[in-house]
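Peer 1: My questions all concern the structure below.
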Amino acid sequence: MSDTNSSLPSPAASHPTTLLLVDGSSYLYRAFHALPDLRGPGGEPTGAIQGIVSMLQKLRQEYPAAHAACVFDAKGKTFRDDLYAEYKAQRAPMPPELAAQIAPIHEVVRLLGWPVLEVPGIEADDVIGTLAAVGAASGHQVVVSTGDKDLAQLVNPQVTLVNTMSAEKLDEAGVLAKFGVPPDRIVDYLTLMGDAVDNVPGVEKVGPKTAAKWIAEHGSLDGVIANADSVKGVAGENLRKALDWLPMGRRLVTVKTDCDLAGHLPGWPSIEALGFGRPQVEALLAFYTRLGLRTFKRELERASGIEPADASPAPARSHGLFAASNEDEGDLPALPEVGETSHVAVLDWPDFEDWFGRIRAAPLVALDTETDSLEPMRARIVGLSFSVKPGEACYIPLTHNYPGAPEQLPLDEVLARLKPWLEDAGRPKVGQNLKYDGHVFANHGIALRGIAHDTLLQSYVLEAHKPHSLESLAERHLGRKGLSYEQVAGKGAQQIPFAQVSVEIATQYSGEDSEMTLHVHEALWPRLERDSKLRYVYEQIELPTARVLQTIERHGVLIDAALLQQQSRELAERMVALEAEAHALAGQPFNLGSPKQIGEILFNKLGLPAKKKTASGAPSTDEDVLTELAADYPLPAKLLEHRSLSKLKGTYTDKLPLMVNPDTGRVHTNYAQAVAVTGRLASNDPNLQNIPIRTAEGRRVREAFVAPPGSKILSADYSQIELRIMAHISEDEVLLKAFADGIDVHRATASEVFGVAVDQVSSEQRRYAKVINFGLIYGMGAFGLASNLGIETKAAKDYIDRYFARFAGVRRYMDETRLQAKAQGYVETVFGRRLWLPEINSPNGPRRTGAERQAINAPMQGTAADLIKLAMIAVQGALEAENRATKMIMQVHDELVLEVPEAELEWARVEIPRLMAGVAQLKVPLLAEVGVGPNWEQAH
DNA sequence: CTGCTAGCATA
DNA sequence: GTATGCTAGCAGA
Numbered sequence: 001m002s003d004t005n006s007s008l009p010s011p012a013a014s015h016p017t018t019l020l021l022v023d024g025s026s027y028l029y030r031a032f033h034a035l036p037d038l039r040g041p042g043g044e045p046t047g048a049i050q051g052i053v054s055m056l057q058k059l060r061q062e063y064p065a066a067h068a069a070c071v072f073d074a075k076g077k078t079f080r081d082d083l084y085a086e087y088k089a090q091r092a093p094m095p096p097e098l099a100a101q102i103a104p105i106h107e108v109v110r111l112l113g114w115p116v117l118e119v120p121g122i123e124a125d126d127v128i129g130t131l132a133a134v135g136a137a138s139g140h141q142v143v144v145s146t147g148d149k150d151l152a153q154l155v156n157p158q159v160t161l162v163n164t165m166s167a168e169k170l171d172e173a174g175v176l177a178k179f180g181v182p183p184d185r186i187v188d189y190l191t192l193m194g195d196a197v198d199n200v201p202g203v204e205k206v207g208p209k210t211a212a213k214w215i216a217e218h219g220s221l222d223g224v225i226a227n228a229d230s231v232k233g234v235a236g237e238n239l240r241k242a243l244d245w246l247p248m249g250r251r252l253v254t255v256k257t258d259c260d261l262a263g264h265l266p267g268w269p270s271i272e273a274l275g276f277g278r279p280q281v282e283a284l285l286a287f288y289t290r291l292g293l294r295t296f297k298r299e300l301e302r303a304s305g306i307e308p309a310d311a312s313p314a315p316a317r318s319h320g321l322f323a324a325s326n327e328d329e330g331d332l333p334a335l336p337e338v339g340e341t342s343h344v345a346v347l348d349w350p351d352f353e354d355w356f357g358r359i360r361a362a363p364l365v366a367l368d369t370e371t372d373s374l375e376p377m378r379a380r381i382v383g384l385s386f387s388v389k390p391g392e393a394c395y396i397p398l399t400h401n402y403p404g405a406p407e408q409l410p411l412d413e414v415l416a417r418l419k420p421w422l423e424d425a426g427r428p429k430v431g432q433n434l435k436y437d438g439h440v441f442a443n444h445g446i447a448l449r450g451i452a453h454d455t456l457l458q459s460y461v462l463e464a465h466k467p468h469s470l471e472s473l474a475e476r477h478l479g480r481k482g483l484s485y486e487q488v489a490g491k492g493a494q495q496i497p498f499a500q501v502s503v504e505i506a507t508q509y510s511g512e513d514s515e516m517t518l519h520v521h522e523a524l525w526p527r528l529e530r531d532s533k534l535r536y537v538y539e540q541i542e543l544p545t546a547r548v549l550q551t552i553e554r555h556g557v558l559i560d561a562a563l564l565q566q567q568s569r570e571l572a573e574r575m576v577a578l579e580a581e582a583h584a585l586a587g588q589p590f591n592l593g594s595p596k597q598i599g600e601i602l603f604n605k606l607g608l609p610a611k612k613k614t615a616s617g618a619p620s621t622d623e624d625v626l627t628e629l630a631a632d633y634p635l636p637a638k639l640l641e642h643r644s645l646s647k648l649k650g651t652y653t654d655k656l657p658l659m660v661n662p663d664t665g666r667v668h669t670n671y672a673q674a675v676a677v678t679g680r681l682a683s684n685d686p687n688l689q690n691i692p693i694r695t696a697e698g699r700r701v702r703e704a705f706v707a708p709p710g711s712k713i714l715s716a717d718y719s720q721i722e723l724r725i726m727a728h729i730s731e732d733e734v735l736l737k738a739f740a741d742g743i744d745v746h747r748a749t750a751s752e753v754f755g756v757a758v759d760q761v762s763s764e765q766r767r768y769a770k771v772i773n774f775g776l777i778y779g780m781g782a783f784g785l786a787s788n789l790g791i792e793t794k795a796a797k798d799y800i801d802r803y804f805a806r807f808a809g810v811r812r813y814m815d816e817t818r819l820q821a822k823a824q825g826y827v828e829t830v831f832g833r834r835l836w837l838p839e840i841n842s843p844n845g846p847r848r849t850g851a852e853r854q855a856i857n858a859p860m861q862g863t864a865a866d867l868i869k870l871a872m873i874a875v876q877g878a879l880e881a882e883n884r885a886t887k888m889i890m891q892v893h894d895e896l897v898l899e900v901p902e903a904e905l906e907w908a909r910v911e912i913p914r915l916m917a918g919v920a921q922l923k924v925p926l927l928a929e930v931g932v933g934p935n936w937e938q939a940h
């Protein structure tokens with residue numbers, strides 16, 4: 001491999017004064033239609049992607065340029081839409097096969113090193129027009145690559161046009177030859193013809209020939225207009241009819257050259273930032289592999305001197321290859337490329353001091369802990385790894401313990417030496433899920449501070465719907481594949497403790513974990529940094545939330561285990577009795593916990609009617625079915641009661657006492673911060689977010705969530721948070737008013753839907769309205785509402801119609817959200833969290849409509865998640881600032897639970913709901929309701 | 001022992 | 001009709 005054998009474009013020959021502008025949007029459609037329906041390994045369409053990639057490569061080869069931009073249309077309205085409501089109105093929605101390729105196209109264009117511009121509110125044409133004008137003014141030769149004739153109006157001595165797909169080039173003479181008018185008359189020419197594609201009318205019956213002829217005769221559009229009376233024939237008639245329109249038409253077809261690109265192009269109005277970045281070889285290879293683009297992959301491998309795959313995984317070393325293009329990368333991210341990796345074990349103090357010196361000097365350090373347990377509260381350190389540079393890491397083995405294990409540095413002394421650095425908030429650290437490592441250090445009496453970044457949260461904010469394990473991130477963003485934990489420690493019953501993994505293998509594995517984390521950070525952070533919304537979610541919501549969660553998890557929850565065990569005994573007794581009754585009714589013994597045996601008894605032996613089937617075809621015995629059968633037969637009722645008791649016992653009263661940590665005497669759940677795609681938390685080991693509340697039996701479990709002597713449990717929950725968010729986003733006047741006036745929202749809904757006064761709403765009507773409101777939040781249809789209310793689909797549809805007639809703003813919101821989701825592939829929360837919907841344009845009907853319901857629900861559920869995270873940050877901030885002894889102990893989506901010493905009760909009762917309500921100023925007031933009691937049940 | 005299904009707890 | 005996590009049963013190792 002050398003610096004000069006590249007078959008890639010030769011940037012060494014860059015002409016410093018050429019500016020290459022690519023009309024990405026015009027090529028999207030052309031590439032899509034020009035190429036056959038090519039598919040990747042997963043069946044995903046790739047035709048347009050291949051077309052664009054090969055076009056860009058050809059273009060860059062032919063026009064060595066130092067500056068360039070690939071410009072795409074952004075979603076949303078432009079000034080033309082404001083000017084003319086029908087603008088582009090006839091345009092068919094983008095075919096789903098093309099829509100699915102938009103995101104990958106943007107991705108690959110960036111990976112190829114092209115600056116990408118996409119400016120909300122400004123069409124690609126106008127961005128290009130503006131850049132061309134600025135480029136020409138600053139002495140560049142501008143080459144505009146487009147498939148769209150409209151841009152011919154930009155041509156002048158400094159600006160030429162090229163259609164890369166047809167290889168046609170147009171300078172001033174070329175434009176005149178092709179269109180019959182010079183570039184500065186193209187606007188006039190287009191105005192007369194109109195543009196069917198964009199739904200801009202011109203003069204009826206006037207095509208290219210007539211337009212060019214008139215302009216030649218009269219010099220310009222103004223000349224044509226001035227002489228309109230003298231034009232003969234039908235065309236003349238039509239011209240006179242169109243006279244009022246033509247000025248508007250001209251404004252629509254004129255490409256703007258004076259747009260403000262501030263905020264979208266660093267250094268604007270300079271175009272210096274539009275430098276080519278370095279192609280991200282590893283990520284490109286991963287991209288090509290993912291989409292099955294073997295030809296591109298082979299070309300790139302050959303060009304970068306990489307052995308084609310399946311041979312040994314030679315490190316993708318390509319430094320220097322693109323060096324000549326690195327001079328002006330602008331601020332576009334370019335991944336550092338990792339050559340041979342180096343992972344070294346630190347086994348003596350001189351090595352330790354050497355590495356610790358490097359760690360202290362580094363601006364950002366990645367770290368990872370290896371432990372003897374997956375339980376965060378009890379894991380002990382086995383080894384530590386650090387990295388200050390992708391590809392390089394040290395591993396400090398500490399308590400590896402197996403026959404022949406090398407002598408290792410003493411854990412306590414190493415930790416004592418590292419402690420000041422680990423606890424220094426001024427020494428920035430990055431990790432993958434540092435909440436876990438924070439617990440581990442805390443187990444050793446170290447408070448990890450200076451958590452500047454977390455790659456788990458970066459990935460979650462960027463693409464919540466994709467996997468976030470370090471392994472996946474390295475593969476997806478770096479094209480790197482490290483050792484997996486399974487490879488190192490085995491899996492299942494054969495898995496060995498990490499302390500028994502050999503130091504050599506552990507060094508490789510743990511070293512990779514920290515240096516790949518740093519590497520992933522360098523790939524992901526620039527993407528967040530330049531996106532103000534996502535950056536806000538990451539820096540102001542997720543990172544601080546992680547710290548709060550660690551605090552909550554460590555506090556844990558006090559459980560009255562004896563009370564639960566007593567409940568278990570009572571439940572067991574009743575279950576035994578129910579079991580005997582069920583066996584008698586069935587005429588034989590069977591396992592009441594087996595849906596299969598229940599089905600056998602009910603539907604075969606006793607001949608009861610089956611009501612529905614499970615996914616795999618067996619007759620269902622779920623709650624709905626048994627409830628229906630219970631009206632006519634005695635056995636199903638016994639089964640239902642047994643089921644419900646069995647659930648309580650098996651999931652809660654038996655299990656929670658087993659989860660009490662013997663060291664702390666409390667239960668420490670784990671909050672998963674990066675699993676729920678909507679932004680919600682999830683709780684596990686144990687799940688404290690699904691403790692029963694609906695039935696009296698179930699609520700007894702909550703009595704076992706107690707406060708210690710001298711304290712109380714305080715529960716504060718947001719009232720109707722998702723409906724309030726719906727009111728805020730939809731700006732529906734009726735809903736806004738109901739909340740502003742503090743009216744019970746279900747009552748208000750019933751009043752509107754049933755046409756009665758608010759104080760005349762019956763409890764039945766309110767119940768219906770409540771179901772409707774919940775249905776709306778879930779993106780319901782008539783069928784779902786009907787089955788929930790037990791009414792005819794037609795009647796349900798009637799209710800929905802009446803609802804939407806009264807709440808027109810809500811209907812508009814639902815329609816717009818669906819459209820927006822389809823157009824951009826994602827929806828957003830009020831705070832800018834992005835919720836991707838990969839199936840929103842799926843050709844598969846059920847999948848697509850499922851995604852549409854998600855699109856409706858996600859902004860509401862997600863905004864609620866954002867709000868309560870902000871509330872947790874605010875509450876924790878207040879507790880710490882005021883040095884309170886009150887502790888936050890649980891979060892249940894719209895509820896915060898705290899343990900409050902009696903001395904602070906008065907304060908907490910007022911301040912907690914006030915803090916929760918004050919985290920955002922929406923168009924409706926936020927309300928948090930508070931309750932206090934000796935246990936969670938009585939705090940409601 | 002592992003992975004899947006059915007069912008059900010919460011917001 | 002949205003979003004989760006956990007359990008018992010059961011089939012195939």
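Residue numbers (the UniProt record's numbering): 1 to 940. In this text, a Cβ means the ideal position worked out from N, Cα and C, and glycines have one as well.
(1) Report yes if the CB atom of V897 is closer than 8 angstroms to the CB atom of T886, and no otherwise.
(2) Give the C-beta separation of G202 and T191 to the nearest angstrom, bearing in mind that I take them to be a contact with Cβ-Cβ under 8 angstroms.
(3) Please check the pair C394 and G556, which I expect to be a contact at CB under 8 angstroms, by giving their CB distance rounded to whole angstroms.
(4) Along the chain, where does the beta strand (DSSP E) containing H453 start, and where does it finish?
(5) Among the residues of its own chain, which have a CB less than 6 angstroms from the CB of A928, if the five just before and after it don't count?
(6) Decide if R278 is buried, meaning its Cβ has at least 16 other Cβ atoms within 10 Å, or exposed.
(7) Hey, could you find the ends of the beta strand (DSSP E) K429 is sitting in?
(8) Buried or exposed: where does V924 fall if 16 or more other Cβ atoms within 10 Å of its Cβ makes it buried?
(9) Can you give the Cα-Cα distance for T369 and I359, rounded to whole angstroms?
(10) Excluding the 5 residues flanking residue 1028 on each side, which residues of the same chain have their C-beta closer than 7 angstroms to its C-beta?
(11) Pull up the distance between the alpha-carbon of E172 and that of P182, whole angstroms please.
(12) Give the range of the alpha helix (DSSP H) segment to which L59 is assigned.
(13) Considering just the uninterrupted stretch of the alpha helix (DSSP H) at V830, what are its terminal residues?
(14) Would you list, in sequence order, the uninterrupted beta strand (DSSP E) runs of no fewer than 3 residues that lie entirely inside the stretch 387-417?
(15) With a CB to CB cut of under 6 angstroms and the five nearest residues on each side skipped, what residues in its chain are close to S502?
(16) Please classify E522: is it buried, with 16 or more other beta-carbons within 10 angstroms of its beta-carbon, or exposed?
(17) Measure the beta-carbon distance from F807 to D732 and round it to whole angstroms, keeping in mind my assumption that it falls under 8 angstroms.
(18) Alpha carbons only, please: which of R554, A750, E697 is nearest the one belonging to D663?
(19) Taking the straight line between their C-alpha atoms, what separation do you get for G479 and A100?
(20) Just reading off the alpha helix (DSSP H) that V281 is part of, what are its end residues?
(21) If you count every other CB in all the chains shown that lies within 10 Å of the CB of D866, and 16 or more means buried, which is it?
(22) Quick one: using the 10 Å Cβ neighbour count with 16 as the cut-off for buried, is E819 buried or exposed?
(23) How about the stretch 699-706 and the stretch 746-762: do they share at least three Cβ pairs that are nearer than 8 angstroms?
(24) Just verifying my parser: in three-state terms, what is the DSSP assignment at K213?
(25) Can you check DSSP and say which residues form a bridge with W836?
(26) Could you tell me the boundaries of the alpha helix (DSSP H) in which A273 lies?
(27) With C-beta atoms as the reference, is L111 less than 8 angstroms away from I128?
(28) Rounded to whole angstroms, what's the CA-CA distance from P657 to L571? Just pull it up for me.
(29) How many angstroms separate the CA atom of L922 from the CA atom of L411?
(30) Can you tell me whether S325 is buried or exposed? The criterion is at least 16 other CB atoms within 10 Å of its CB, across all chains shown.
(31) Check K169 in the structure and name its three-state DSSP category.
(32) Apart from the five residues just before and just after L563, which ones in its own chain have a Cβ nearer than 6 angstroms to its Cβ?
Peer 2: With the given structure in hand:
(1) no
(2) 6 angstroms
(3) So it is not a contact: roughly 34 angstroms between Cβ atoms.
(4) 451-454
(5) A716, Y718, P913, M916, A917
(6) buried
(7) 429-431
(8) buried
(9) 15 angstroms
(10) Because the chain is modelled from 1 through 940, residue 1028 falls outside the range shown and cannot be assessed.
(11) 7 angstroms
(12) 47-62
(13) Unbroken run through V830: none, as it is neither H nor E.
(14) 392-397
(15) none
(16) buried
(17) 5 angstroms
(18) R554
(19) 22 angstroms
(20) 281-291
(21) buried
(22) The sequence shown places Leu at residue 819, not Glu. Its Cβ having fewer than 16 others within 10 Å, L819 is exposed.
(23) no
(24) helix
(25) Y826
(26) That residue, A273, is in no alpha helix (DSSP H); it is neither H nor E in DSSP.
(27) no
(28) 15 angstroms
(29) 51 angstroms
(30) Bear in mind that a pLDDT of 34 at S325, under 50, signals an unreliable position, so the model cannot answer this.
(31) strand
(32) A704
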